Amino acid sequence: MSEPRQYLVAAVQLCATSDKRDNLDKTEAFVRQAALQGARLVALPEVFFWRGRPEEEWDASEPIPGPTLDRLAKLAQSLRIHLLAGSVLERVSPPRPYNTSVLLGPDGAEVARYRKIHLFDVHVPGRVEIQESLRRRAGDAVVVASTPLGRIALAICYDLRFPELFRLFAQRSADVVLIPSAFTFVTGAAHWEPLLRARAIENQTYVVAPNQIGRAEGGVENFGHSMVVDPWGTVLAQAPDRECVIYAEVDLDHLARVRRELPVLDHRRLPLADPQQATTGADRR
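Residue numbering for the sequence shown follows our numbering, starting at 1171 and increasing by one per position.
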């Protein structure tokens, strides 16, 4: 079977709690709904399986494979879809888990695994204070996977603020970037859409960003507004302020046309972009 040039992608927006069974039941219902609508790729948000108090994260963590991924693997296989397990807290060694995203194939097998590189340590006085590095481990590998749906790159939430990572995706020929998130309301209201559109435009990729919505049991309120952006920067779909699924078409021919007509990545002056090779005007003699 030839690889599709156009296909439907779905992003699931959730308000997850500390009740794993309820979260997974709700997740499965949304995934089945998306598959029924014809989605070939369904993406879940960050920590879709459990969103409780920070001090309980290690107890909530699971090995991979483990109960949550086993259930989702069977679901992906039964529906014959690619399914992004947005992120689970991956138990490796105590006391801090990794924040890990897993892409599953239509056969239920693991296609790619990504551990969040950039941990969200932020203090906005009186509005939001989070120290992820106190309770989670950071990953160190850039992940871009070849699939029948194109080359798919994996990132998570705060990674969105680091354009260097997305440029590495572009250098590795990524077509679609999946960025499951739990973006806060405070930062999301100001930065969510501009950052998503910027990453899509400057690297000429599709960006699929399922987000959490509502207030977590730990007190943090998430922004929602899950989004799909095309390589021209057009917002193809954006979620309302509730749990739901949004849909958009990924068109690899459109992607190729954007890259051909505006070949930005071919126009980079790499010596100037490389700090090891850059010189000042005074140095050039």
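The C-beta atom is built at its ideal place from N, Cα and C for all residues, glycine as well.
If you're wondering where the values come from, they're calculated on a predicted model, not measured in any experiment.
Helix, strand or coil for T1449 per DSSP? Walking along the sequence shown from the start, residue 1449 turns up at place 279. With a pLDDT of 49 at T1449, under the threshold of 50, the predicted position of this residue should be treated as unreliable, and no value is reported.
Integer-rounded CB distance, given that I1326 should sit under 8 Å from S1271: Position 101 of the sequence shown, counted from the start, is the residue given in the question as residue 1271. Position 156 of the sequence shown, counted from the start, is the residue given in the question as residue 1326. At roughly 6 Å, the Cβ-Cβ gap stays under 8 Å, so S1271 and I1326 are in contact.
Alpha-carbon to alpha-carbon, E1299 and H1293: Your numbering for residue 1293 matches position 123 in the sequence shown. Your numbering for residue 1299 matches position 129 in the sequence shown. Taking the straight line joining both Cα atoms gives about 4 Å.
Inside the segment 1355-1401 only - alpha helix (DSSP H) runs reaching at least 4 residues: 1355-1373
Based on Cα-Cα distance, which residue from R1412, S1188 and L1406 lies nearest to E1387? Counting from one through the sequence shown, the residue named residue 1387 turns up at place 217. That would be S1188, whose Cα lies nearest to the Cα of E1387.
Distance check for L1440 and R1241, CA to CA, integer angstroms please. Reading the sequence shown from its first residue, position 71 is the one you call residue 1241. Reading the sequence shown from its first residue, position 270 is the one you call residue 1440. Computed Cα separation, rounded: 45 Å.
Bridge partners - C1414, DSSP secondary structure assignment: For the purposes of this step, residue 1414 is identified with residue 244 of the sequence shown, where counting begins at 1. Among the bridge pairs identified by DSSP, C1414 is matched with Q1183.
In angstroms with no decimal places, state the Cα-to-Cα distance between Q1176 and P1295. As a position in the sequence shown, residue 1176 is number 6, starting the count at 1. As a position in the sequence shown, residue 1295 is number 125, starting the count at 1. If I take the Cα positions, the gap works out to 45 Å.
Given that a residue counts as buried once 16 or more other Cβ atoms are within 10 Å of its Cβ, and exposed if not, what is P1463? An answer regarding residue 1463 cannot be provided, because it is not within the stretch 1171 to 1455 covered by the chain.
Among the candidates V1356, Q1207, P1264 and V1281, whose CA atom is the shortest distance from the CA of A1255? Residue numbering aside, residue 1255 sits at position 85 when the sequence shown is read from its first letter. The shortest C-alpha separation from A1255 is found at V1281.
Looking only at its own chain, which residues have a Cβ that is under 8 Å from the Cβ of E1419, when we skip the five neighbours before and after it? Within the sequence shown, numbered from 1, the residue matching residue 1419 stands at position 249. Only Q1176, Y1177, L1178, V1179 and L1406 meet the Cβ criterion.
Neighbour-count burial assignment, V1262, 16 or more Cβ in a 10 Å radius: Here the question's residue 1262 lines up with position 92 in the sequence shown. For V1262, the number of other beta carbons within 10 angstroms of its own is below 16, and it is reported as exposed.
Beta-carbon gap between W1469 and N1193 smaller than 8 Å: In this structure the chain extends from 1171 to 1455, so residue 1469 is not present and cannot be described.
Determine the DSSP secondary structure at A1279, reduced to helix, strand or coil. Position 109 of the sequence shown, counted from the start, is the residue given in the question as residue 1279. Looking at A1279 - three-state DSSP - the assignment turns out to be coil, as it is neither helix nor strand.
Taking 7 Å as the limit between beta carbons, can you name the residues of its chain near V1434, skipping five residues before and five after? For the purposes of this step, residue 1434 is taken as the residue at position 264 of the sequence shown. Contacts found: Q1374.
Taking the CB atoms as reference points, tell me whether V1258 and V1415 lie closer together than 8 Å. Locating residue 1258 in the sequence shown gives position 88, where the first residue counts as 1. Locating residue 1415 in the sequence shown gives position 245, where the first residue counts as 1. Cβ atoms of V1258 and V1415: not closer than 8 Å.
What's the C-alpha gap between E1216 and L1425? Taking the sequence shown and counting its residues from 1, the one referred to as residue 1216 is at position 46. Taking the sequence shown and counting its residues from 1, the one referred to as residue 1425 is at position 255. One C-alpha to the other measures close to 26 Å.
Where does K1244 land, buried or exposed, given buried means 16+ other C-beta within 10 angstroms? Looking up residue 1244 in the sequence shown gives position 74. Looking at its Cβ environment, which holds fewer than 16 other Cβ atoms inside 10 Å, K1244 is exposed.
Pick from R1412, E1232 and T1354 that is closest to P1265, judged by C-alpha positions: In the sequence shown, residue 1265 corresponds to position 95, counting from 1. P1265 has its Cα closest to that of E1232, out of R1412, E1232 and T1354.
Alpha carbon to alpha carbon, how far is L1338 from A1344? Here the question's residue 1338 lines up with position 168 in the sequence shown. Here the question's residue 1344 lines up with position 174 in the sequence shown. Their Cα atoms are separated by approximately 9 Å.
Under the three-state reduction of DSSP, which class applies to E1216: helix, strand or coil? Residue 1216 sits at position 46 when you count from the first residue of the sequence shown. Note: E1216 maps to coil in three-state DSSP.
Measuring CB to CB, does L1324 end up less than 8 Å from I1287? For the purposes of this step, residue 1324 is taken as the residue at position 154 of the sequence shown. For the purposes of this step, residue 1287 is taken as the residue at position 117 of the sequence shown. Not closer than 8 Å, so no.
Taking T1317 as the reference, which of L1273, G1358, A1340 and Q1207 has the closest Cα? For the purposes of this step, residue 1317 is taken as residue 147 along the sequence shown, with counting starting at 1. Ranking the options by Cα distance to T1317, first place goes to L1273.
Beta-bridge pairing of D1421 - partner residues as DSSP gives them: Taking the sequence shown and counting its residues from 1, the one referred to as residue 1421 is at position 251. Answer is Q1176.
Mind checking L1365: buried by the 16 CB within 10 Å criterion, or exposed? For the purposes of this step, residue 1365 is taken as residue 195 along the sequence shown, with counting starting at 1. When all chains shown are included, L1365 counts as buried.
Is it the case that the Cβ atoms of L1214 and T1197 are separated by a distance below 8 Å? Counting from one through the sequence shown, the residue named residue 1214 turns up at place 44. Counting from one through the sequence shown, the residue named residue 1197 turns up at place 27. Taking 8 Å as the Cβ cut-off, L1214 and T1197 qualify as a contacting pair.
Nonlocal neighbours in the same chain, by C-beta distance under 6 Å from R1438, ignoring five residues either side: Translated into the one-based positions of the sequence shown, residue 1438 becomes position 268. Excluding sequence neighbours, R1438 sits near nothing in its chain.
If distances are taken between C-alpha atoms only, which option among A1308, F1393 and R1331 comes closest to R1412? Within the sequence shown, residue 1412 is the residue found at index 242, counting from 1. Among A1308, F1393 and R1331, the Cα nearest to that of R1412 belongs to F1393.
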